[in-house]
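Note sheet for the following structure.
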Amino acid sequence: MSSFPTSTVLGYPRIGPDRELKRALEAYWDGRSTRAELERVGAELRARTWRRLAELGLEGLPSNTFSVYDQVLDTSVLLGAVPSRYRDAADPYFAMARGTEGRAPLRMTKWFDTNYHYLVPEIGPETEFRLDAGKPLGEVREARALGYETRPVVLGPVTYLLLGSALDRLDEVLGCYAELLSALAAEGVAWVQLDEPALVGDRTASELAAVRTAYERLGSMGARPGLFVASYFGSLGEALPVLAGTPVEAIGLDLVRGPVPETDLTGKTVVAGVVSGRDVWRTSPGRALAALAAVRASRVVVSTSCSLQHVPYSVAAEPELEPGVRARLAFAEEKVAEVVALAGADFLSPGFENAGYEVTGSEVAGFGGTDSEVAGFEGDGFGGDVPVGRPSVALPGPVVAGERSPYAVRAAAQAEHLSLPPLPVTTIGSFPQTGELRAARAAVASGTLSQAGYEHRVEAEIERVIRLQERLGLDVLVHGEPERNDMVQYFAEHLDGFAVTRLGWVQSYGSRCTRPPILYGDVSRPSPITARWAAHAQSLTDKPVKGMLTGPVTIVAWSFVRDDLPLRDVVLQVADAVRQEVRDLEAAGVSIIQVDEPALRELLPLRRAAQADYLEWAVAAYRRATSGAGDRTQIHTHLCYSDADQILDAIDGLDADVTTIESARSGARILGAVSAFGRGLGPGVYDIHSPRVPSAEEVESLVRRTVAALPVERVWVNPDCGLKTRTYEQVEASLANVVTAARRLRDEL
Ligand code: GLN
Ligand code: ZN
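The opening position of the sequence shown corresponds to residue 2 in my numbering, with each subsequent residue numbered one higher.
Right, here's the structure in full:
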């Protein structure tokens with residue numbers, strides 16, 4: 002078996018440096034192009050990636066990390082797990098991804114603790130696993146035709162089945178993997194990478210036994226490529242000795258999130274993830290080299306901690322970033338250069354550990370440290386005189402909780418102040434973002450529209466949205482969020498300590514990308530952000546207008562954040578900025594303030610042992626952000642696409658006066674769970690992810706279901722989430738039916 006290359010990455014972005022894939026997908030979906038044209042764009046992106054990785058000097062090139070939609074969906078196709086309802090669709094792949102007339106798509110959820118979403122495998126008794134190796138084999142051949150030998154990357158059998166809640170099907174699925182390995186061997190492939198990120202979570206004894214079974218069986222095959230099992234997003238813990246006891250030749254470890262394990266891995270190759278795939282900071286060579294030198298294995302290969310699909314393409318596309326910040330950044334390309342540079346350092350030579358490559362106390366881990374103390378290291382990936390993070394401002398005092406009066410006192414004050422009808426109808430904040438608004442923002446950026454001209458348009462849009470809500474008969478209005486490009490980026494643009502990028506796109510799902518802001522320093526709020534828009538909206542109407550803010554956990558979850566401070570402290574700094582904003586909204590005459598926290602679940606640590614601590618500070622941060630409000634100001638929170646079950650106590654702990662939560666898809670289960678909160682609740686009455694307009698009868702039956710489960714005086718009526726991805730036509734029709742339904746029930750009271 003040929004030895005593993007000296008340097009590699011576990012995966013690479015695929016959306017295209019200029020979101021070429023997004024455009025190709027949308028053209029295909031809209032019928033403006035063909036599947037063949039989409040394939041051509043895909044092939045071009047793959048070729049460009051291999052060429053670039055090779056140019057940068059990377060030895061081990063991965064393949065099959067490209068996907069036109071999602072790598073988990075690709076694995077379902079690879080294994081033949083295509084539910085029968087899609088088989089006769091015009092394009093079964095995209096029918097599974099996005100649904101098609103009358104056929105719901107596969108369920109989508111977040112990939113471990115990232116903001117990437119995958120399509121959950123749907124495995125039932127009728128599923129017949131059958132290998133379809135066309136994609137991985139095709140990519141190997143395609144790369145070879147361009148002159149590159151590659152290592153196909155495939156999601157491993159244990160993680161795949163755990164995602165599909167079907168580990169009992171291991172035996173059948175292993176049959177497919179065995180066939181795949183034979184086919185790859187016949188193709189002359191030297192190594193295959195099987196990703197097993199699920200192994201960094203808590204695993205039961207029987208799940209660990211499944212790992213042993215899987216890799217003993219695959220490892221004992223005669224003709225097969227070298228087996229590289231990659232783990233990421235944390236430490237393998239108890240799964241490491243299990244894997245090490247199987248015949249797999251190489252094991253990938255995330256040495257950014259976890260320490261170098263003490264386990265003696267002599268006899269194995271360790272693919273050491275020392276360059277982070279989860280942040281945008283330049284790697285500290287001192288720290289990376291120390292980790293590499295500490296690994297006890299027969300061979301150590303330099304790699305990234307996970308796929309680079311979670312970071313943007315290149316810092317080179319960001320000439321406008323402030324030089325001090327820019328100098329500290331590494332996106333995918335720069336991280337590849339770091340991997341190559343580290344692989345060129347002679348970190349395994351005897352006496353290395355005494356050569357001064359140790360992590361010193363003064364070093365700021367990963368935070369753009371130059372390691373001037375690491376004398377003599379001049380890899381290509383580093384260099385320059387990079388300023389290290391400023392010392393932090395002291396956090397103002399201990400976390401305050403329970404500063405507001407007990408709920409009963411608040412509720413009475415609010416009832417008197419707001420005098421709302423029973424079953425008040427509201428929305429979650431955003432109204433459709435029109436093309437004109439996006440064009441106006443682009444025009445401001447390019448200098449063809451003045452700031453004043455833009456603000457004028459935003460005000461006009463707010464007025465339109467207010468009038469629409471009045472006409473429809475909603476009870477608590479919103480301003481519609483027309484000034485926001487994104488619920489996190491907008492705040493980042495107005496807070497000190499954040500930078501935003503021009504092309505720093507990261508795939509969220511399918512064609513959807515976000516540009517996560519970069520939180521690089523201490524966060525503070527130079528001036529009020531949203532108060533003027535909310536106050537303007539309130540000045541137009543006698544109905545209460547709900548102010549709209551993004552919560553501290555969500556702002557941090559959907560940004561790249563500094564890692565020289567504990568995450569908790571970073572979140573608390575953001576919480577203080579939000580707290581000031583809450584106070585300003587209140588002072589501007591806004592009586593209801595919603596602080597959204599849809600990412601509360603996403604940051605939950607993968608290991609149970611760390612979860613309680615996280616939930617404690619996350620809840621404390623939320624309360625710090627909101628507890629400055631007086632009793633008669635009503636605080637709302639909103640959560641969505643969260644498997645709320647696991648964090649119900651924390652949601653309760655937020656102590657919001659009203660909690661609006663997705664429920665159209667999760668159903669009655671969530672009602673039972675949240676009924677114990679004892680405060681206001683707005684379980685969503687229709688799914689805004691679909692263009693479908695719900696009928697008044699349908700909404701009415703959902704509200705009936707809700708009032709059967711909860712005291713009616715606590716029930717709110719609202720959609721599942723914000724309306725920004727819908728059209729005005731859909732929104733008007735849907736909300737009209739929601740109001741009709743609420744009034745019918747109100748009349749019965
Ligand atoms: N207020 C936001 C909106 O309506 C909430 C979005 C979200 O929960 N993701 O768009
Ligand atoms: Zn939502």
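For glycine and all other residues, C-beta sits at the position ideal for the given N, C-alpha and C.
Note that this is a predicted model, so its numbers are computed, not measured.
- Exposed is the label assigned to SER3, since fewer than 16 other Cβ atoms lie within 10 Å of its Cβ.
- DSSP links VAL740 through a beta bridge to no other residue.
- Annotation: the segment 72-134 contains the following complete segments of the alpha helix (DSSP H) (minimum length 4 residues), in chain order: 72-79, 93-99.
- In the three-state reduction of the DSSP assignment, ALA251 falls in the strand class, which pools E and B.
- DSSP, read as helix, strand or coil, puts HIS495 in coil.
- Between GLN490 and the set GLY474, TRP534, VAL557, ALA538, the nearest pair of CA atoms involves VAL557.
- Collapsing the DSSP output to three states places GLY511 in coil.
- VAL193 is classed as buried because its beta carbon has at least 16 other beta carbons within 10 Å across all chains shown.
- Secondary structure of LYS269 (DSSP, three-state): strand.
- One Cα belongs to ALA461, the other to ILE636, and the distance between them is close to 27 Å.
- Look at HIS690 here: in three-state DSSP terms it is coil, with no helix or strand label.
- A distance criterion of 7 Å places the beta-carbon of HIS480 beyond contact range of the ligand ZN, judged by its closest non-hydrogen atom.
- Residue pairing of HIS639 in beta bridges, as defined by DSSP: ASP597, THR661.
- Around the beta carbon of THR160, a 10 Å sphere encloses 16 or more other beta carbons of the protein chains shown; the residue is thus reported as buried.
- Residue PRO14 holds the alpha-carbon nearest to the alpha-carbon of LEU54 among THR76, ARG602, PRO14, LEU74.
- Taking 8 Å as the cut-off, the beta carbon of TYR29 is found closer than this to the beta carbon of LEU39.
- The nearest non-hydrogen atom of the ligand ZN is 7 Å or more from the C-beta of PRO483.
- In its chain, beyond the 5 residues on either side, HIS311 have a beta carbon closer than 6 Å to the beta carbon of ARG279.
- By the Cβ rule, the segment 138-156 counts as touching the segment 55-64, because three or more pairs are nearer than 8 Å.
- For the 8 Å CB-CB criterion, PRO18 and ALA318 form a contact.
- The count of Cβ pairs closer than 8 Å, one atom from the segment 490-499 and one from the segment 522-535, reaches three, so the stretches are in contact.
- Collapsing the DSSP output to three states places GLY139 in a helix.
- Per DSSP, reduced to three states, the secondary structure at ALA224 is coil, with no helix or strand assignment.
- Between the ligand GLN and LYS725, a heavy atom-to-CB distance of less than 7 Å is present.
- Distances between the C-beta of HIS637 and the heavy atoms of the ligand ZN are all 7 Å or more.
- Boundaries of the beta strand (DSSP E) harbouring TYR521: 519-525, taken from the DSSP string.
- Taking C-alpha positions only, SER406 is separated from ARG680 by approximately 14 Å.
- Within 7 Å of the C-beta of PRO599 there is at least one heavy atom belonging to the ligand ZN.
- SER592 places its beta carbon less than 8 Å from that of HIS418.
- For GLY681, there is no enclosing alpha helix (DSSP H); the residue is found in the beta strand (DSSP E) stretching over 681-684.
- By alpha-carbon distance to VAL190, the top candidate from ALA626, ASP172, THR247, ALA224 is ALA224.
- ALA25 is the residue among ASP31, VAL686, LEU473, ALA25 whose C-alpha sits nearest the C-alpha of VAL42.
- Short of 8 Å from the beta carbon of GLU239, and not among the five residues preceding or following it, lie these beta carbons of its own chain, in chain order: ARG204, LEU209.
- For SER299, the enclosing beta strand (DSSP E) starts and ends at 298-305.
- DSSP lists ILE519 as the bridge partner or partners of ALA500.
- Fewer than three pairs of CB atoms, one per stretch, sit closer than 8 Å, so the segment 231-248 makes no contact with the segment 179-187.
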